[in-house]
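Its first residue numbered 104, the sequence shown is counted upward by one per residue in the working numbering.
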Amino acid sequence: ILHGWDKAVDDAAQIGVKYMVCAYLFDTERGNLDHYKQIADHLNKAGERCKKAGIQLCYHNHDFEFAAQSGKLPYDVLLSQTDKNLVKMELDIYWATKAGHDPVALFKANPGRFPLWHVKDMDKTDKHDFTEVGNGSIDFKRIFAQAKLAGMQYFFVEQDKTPGDPFSSIQQSISYIKRSLA
Numbered sequence: 104i105l106h107g108w109d110k111a112v113d114d115a116a117q118i119g120v121k122y123m124v125c126a127y128l129f130d131t132e133r134g135n136l137d138h139y140k141q142i143a144d145h146l147n148k149a150g151e152r153c154k155k156a157g158i159q160l161c162y163h164n165h166d167f168e169f170a171a172q173s174g175k176l177p178y179d180v181l182l183s184q185t186d187k188n189l190v191k192m193e194l195d196i197y198w199a200t201k202a203g204h205d206p207v208a209l210f211k212a213n214p215g216r217f218p219l220w221h222v223k224d225m226d227k228t229d230k231h232d233f234t235e236v237g238n239g240s241i242d243f244k245r246i247f248a249q250a251k252l253a254g255m256q257y258f259f260v261e262q263d264k265t266p267g268d269p270f271s272s273i274q275q276s277i278s279y280i281k282r283s284l285a
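(1) Enumerate, from N- to C-terminal direction, the unbroken alpha helix (DSSP H) stretches of 4 or more residues contained entirely within the region 240–282.
(2) Shorter than 8 Å from the beta carbon of residue 265 to some beta carbon of chain B?
(3) Would you be able to state if there are at least three C-beta pairs under 8 Å between the region 178–190 and the region 137–157?
(4) Taking residue 251 as the reference, which of 210, 203 and 179 has the closest Cα?
(5) Going by the DSSP bridge assignment, what does residue 195 pair with across the sheet?
(6) Looking only at its chain, what residues have a beta carbon closer than 7 Å to the beta carbon of residue 178, apart from the 5 residues adjacent to it on each side?
(7) Which class does residue 176 belong to by DSSP, given the choice of helix, strand or coil?
(8) Rounded to a whole number of angstroms, what is the C-alpha to C-alpha distance between residue 283 and residue 216?
(9) Whose C-beta lies closer than 8 Å to the C-beta of residue 140 among residues of the same chain, with five residues either side of it excluded?
(10) Three Cβ pairs or more, each shorter than 8 Å: is that satisfied between the region 248–262 and the region 217–229?
(11) Output yes or no for whether 8 Å exceeds the beta carbon distance between residue 279 and residue 237.
(12) Once you ignore the five residues that flank residue 136 on each side, which residues in its own chain have a CB closer than 7 Å to its CB?
(13) First and last residue of the alpha helix (DSSP H) that includes residue 163?
(14) Taking only three categories from DSSP, how would you classify residue 139?
(15) May I ask you to report which of helix, strand or coil DSSP gives residue 207?
(16) Compare the C-alpha of residue 234 against each of 246, 151 and 262 and name the closest.
(17) Within 10 angstroms of its Cβ, does residue 276 collect 16 or more other Cβ (buried), or is it exposed?
(18) Quick one: give me the first and last residue of the beta strand (DSSP E) that residue 236 is part of.
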């Protein structure tokens, strides 16, 4: 969002993109809570530029934003320091859960802030690895029941690693979602 952002937004608008997502922060971009405040400022500016083009900016989490620093979570800094109209969240349910945080509690504390979700499940082993949606420990029925509160518009079924054929895994996840959540 720091380099070439205007062109990226213009190109996205030209092809009708509705959302642009800051998908990841590299180790060198994270730092302490002050760094996250600076990131929030950059996100606000990028979100303002997106809004002028009719695009919604979102931020995608991993687990590192939920590692407390001086008693505060970087994710909470991002939520509190970004304008809720300029920067929404693409909640990765797996990473938030793996970090010990309840997606529903996030929705309740920040209603309407989560239009995009990454839906992937966590196995029931001590490794907490990826598994097909419906096979793991995440209570998706409870989470999907709060879709309206969250402001969810779209969700993306994802599985970072599979034990076998990735297409079989994704089909299994989609079947569970259609059968149990849709």
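Don't be surprised by glycine CBs; every beta carbon is placed ideally from N, CA and C.
Based on what the coordinates show:
(1) 243–247 and 250–253
(2) Absent from the structure is chain B; it holds one protein chain and no more.
(3) yes
(4) Here residue 251 is taken as the residue at index 148 of the sequence shown, counted from 1. Ranking the options by Cα distance to residue 251, first place goes to 210.
(5) Residue 195 sits at position 92 when you count from the first residue of the sequence shown. BP columns for residue 195 point to 221.
(6) The count along the sequence shown starts at 1 and reaches residue 178 at position 75. Closer than 7 Å at the Cβ level, and outside the excluded window around residue 178, lie 164, 168 and 169.
(7) As a working note, residue 176 is residue 73 in the sequence shown. Three-state DSSP puts residue 176 in coil, outside helix and strand.
(8) Taking the first residue of the sequence shown as position 1, residue 283 is located at position 180. Taking the first residue of the sequence shown as position 1, residue 216 is located at position 113. Those two C-alpha atoms are separated by around 25 Å.
(9) As a first step, residue 140 must be located in the sequence shown, where it is residue number 37. Result list for residue 140: 180 and 184, in chain order.
(10) yes
(11) For the purposes of this step, residue 279 is taken as residue 176 along the sequence shown, with counting starting at 1. For the purposes of this step, residue 237 is taken as residue 134 along the sequence shown, with counting starting at 1. Yes, the pair counts as a contact, with Cβ atoms nearer than the cut-off.
(12) Locating residue 136 in the sequence shown gives position 33, counting from the first residue. Hits under 7 Å: 172, 173, 175, 177 and 180.
(13) As a position in the sequence shown, residue 163 is number 60, starting the count at 1. From DSSP, residue 163 is part of no alpha helix (DSSP H) but of the beta strand (DSSP E) over 159–163.
(14) The residue given as residue 139 occupies position 36 in the sequence shown. Residue state, collapsed to three classes: helix.
(15) Locating residue 207 in the sequence shown gives position 104, counting from the first residue. It is helical.
(16) Translated into positions along the sequence shown, residue 234 becomes position 131. The shortest Cα separation from residue 234 among 246, 151 and 262 belongs to 262.
(17) Position 173 of the sequence shown, counting from 1, holds the residue named residue 276. Residue 276 is buried by the Cβ-count criterion.
(18) Numbered from 1 along the sequence shown, position 133 holds the residue referred to as residue 236. It is not in any beta strand (DSSP E) - residue 236 carries neither H nor E in the DSSP assignment.
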